[in-house]
Every structure is written in C-alpha cells, then in structure tokens.
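Asks: Below you'll find the structure I mean.
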Amino acid sequence: MGVHLEHKEQLAPLAARILSSLILKGKKGETFENLVSELQASKSTIFTHLTTLQASHRITYYTKTGDRKKYFILSPNAWIQSMDEMINNWNDERDIHLEIINYKAETNKNFPEDSDERFDLGFHHEYLSYLNQATSLMENLRQKLIENHKND
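Each residue of the sequence shown is one higher than the one before, counting from 790 in this note's numbering.
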C-alpha cells in the first residue's frame with residue numbers, strides 16, 4: 790500500500806509508509822514511538838514526515854487523558870480531499886473531451902457523410918459517459934463519508 794500511496798499522492802517513501810500504517814491502525818492511531826520502532830527509521834526522519842503530513846492535512850493526532858503521548862490518525866478530511874481532487878480532475882478531463890468533440894463535430898461538417906476524413910466521435914461520447922458515471926458515484930461516496938464523519 791505504501792508504494793501505491795507514494796505514487797498516487799506523490800509522497801516520499803517513508804511518508805507513504807507512515808500514511809499506510811495509520812490507515813491500517815484506523816481510529817486507534819499510532820504513537821510516535823511505535824512508528825519509529827515499526828518503520829525502523831530515525832526519530833528525526835519520522836518527526837519530519839509527521840510534520841509534513843500534518844501540514845498537508847493528511848493526518849492529525851489526539852491525546853488521551855492522563856497520557857502525554859500523541860496518537861496519530863488519518864485526518865477525517867483526507868479521504869474527502871482526495872475525492873475532491875479526483876472529481877476535479879475528471880471534470881477537467883470532461884471539459885477537454887467536450888472541446889475535442891465540438892472541434893471534431895465542426896470539422897466533420899466540412900466532409901461528406903461517407904468521407905474517410907470524418908472523425909469518429911464514438912470514443913469521446915463513451916468516455917464522457919464513463920466520466921459522468923464515475924463522478925456521480927464518487928460524489929455519492931463522498932457525501933456518505935461526510936455524513937458518517939458527522940456521526941463520529
């Protein structure tokens with residue numbers, strides 16, 4: 790999972806491993822000391838990446854009464870932010886494909902119906918359908934996460 794997050798979220802390898810560890814720990818969280826032990830990295834390196842992940846709002850922490858330790862957890866908004874980025878990217882792609890369709894449709898008007906020079910717009914229409922469905926499903930999932938977060 791760390792390698793996947795490293796590439797998808799454009800994180801340093803250790804930051805991705807920290808994020809993976811926190812995802813797997815869930816609401817329970819993970820202490821600084823456990824992260825150092827589990828990931829076998831120096832305290833300063835772990836601290837630096839925790840600071841970076843907190844600054845990017847990917848993680849947060851909580852404390853327990855009578856316990857001075859910080860328990861790091863995935864930020865409740867991290868998934869929502871990731872989904873927002875995905876939806877925005879899909880909307881940008883959709884806009885590009887709409888421009889391509891418009892251009893090709895206008896160009897097709899210059900050629901007879903049976904001309905080999907006419908553009909086939911089928912792929913673009915299918916891809917737009919896919920993007921619209923994916924966006925709709927992601928927006929529904931995003932809304933459910935927001936509602937579940939309110940109940941926590």
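Positions of the beta carbon are idealized from the N, C-alpha and C atoms, including for glycine.
Can you find the residues in the same chain that come closer than 6 angstroms, C-beta to C-beta, to Ile-876, ignoring five residues on each side of it along the sequence?
Replies: Within the same chain, Ile-876 has close Cβ partners Thr-924 and Met-927.
Asks: Are the Cβ atoms of Leu-803 and Ile-848 separated by less than 9 angstroms?
Replies: No, they are not a contact pair.
Asks: Any contact between the stretch 810 to 825 and the stretch 846 to 864? By contact I mean 3 or more CB pairs, one from each, below 8 angstroms.
Replies: Segments in contact, yes.
Asks: At the level of alpha carbons, what is the spacing between Val-825 and Lys-832?
Replies: If I take the Cα positions, the gap works out to 6 angstroms.
Asks: DSSP three-state call for Glu-902: helix, strand or coil?
Replies: Three-state result, Glu-902: coil.
Asks: Say whether chain C places a C-beta atom closer than 9 angstroms to the C-beta of Ser-864.
Replies: No chain C appears in this structure, which consists of one protein chain only.
Asks: So, are the CB atoms of Leu-794 and Met-872 less than 9 angstroms apart?
Replies: In this structure, Met-872 does not lie closer than 9 angstroms to Leu-794 by Cβ.
Asks: Would Leu-910 pass as a contact of Ile-890 if the rule is Cβ separation under 9 angstroms?
Replies: In this structure, Ile-890 lies closer than 9 angstroms to Leu-910 by Cβ.
Asks: Would you mind stating whether Asn-937 and Arg-883 have Cβ atoms separated by less than 9 angstroms?
Replies: No, they are not a contact pair.
Asks: Skipping 5 residues on each side, what residues in its chain have a beta carbon closer than 7 angstroms to that of Asn-897?
Replies: Counting only Cβ-Cβ distances below 7 angstroms, and skipping sequence neighbours, we find Arg-907 and Phe-908.
Asks: DSSP on Glu-798, reduced to helix/strand/coil?
Replies: Glu-798 falls in the coil class under three-state DSSP.
Asks: Helix, strand or coil: how does DSSP classify Phe-861 here?
Replies: Of the three classes helix, strand and coil, the one that applies to Phe-861 here is strand, per DSSP.
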